[in-house]
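Student: Have a look at the structure that comes next, please.
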Amino acid sequence: MLTDWQFIALFVVLSPIFPAMPVIINHLLGPKKPNPIKQQTYECGIETVGDSWVQFKVQYYIYALVFVIFDIEAVFLFPIAAAYDQLGLFAVGAAVLFIFLLGDGLAYAWGRGVLEWV
């Protein structure tokens, strides 16, 4: 019978192997016949018109970071909401403090003009 630490060690060992297996198998078994047509850039099955490298505004990146931050907030708050009746007052206070700190960060970003689209 495995202990908790052995399960974690097994997970740490096996978790990089499973995503790497399809890549390695594809590399070993896939055909290797490069030609110029296969190297062309296409989008949705259609050849690109104009330059295929386009620089995006930094504003998209900032919005993506803010989205990821609040998405992670939801990941941390869902377990607290699911086990609300079993948790003590300390966990509820920690969740309220967490929400307050994220709200403070949102107010700071808003005040700095990060969320304004220009």
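With this note's numbering, letter number 104 in the sequence shown gets 1044, and the count goes up by one each step, no holes.
Every residue, glycine too, gets a C-beta built ideally from N, C-alpha and C.
What beta strand (DSSP E) runs, 3 residues minimum, are completely inside the stretch 970-1043?
Tutor: The qualifying runs do not exist here; there are none.
Student: Starting from Trp945, follow the alpha helix (DSSP H) in both directions and report where the run begins and ends.
Tutor: Here residue 945 refers to the residue found at position 5 of the sequence shown. Its alpha helix (DSSP H) spans residues Asp944 to Leu954.
Student: Looking only at its own chain, which residues have a Cβ that is under 7 Å from the Cβ of Ile1002, when we skip the five neighbours before and after it?
Tutor: For the purposes of this step, residue 1002 is taken as residue 62 along the sequence shown, with counting starting at 1. So the list reads Val1054, once near-sequence residues are dropped.
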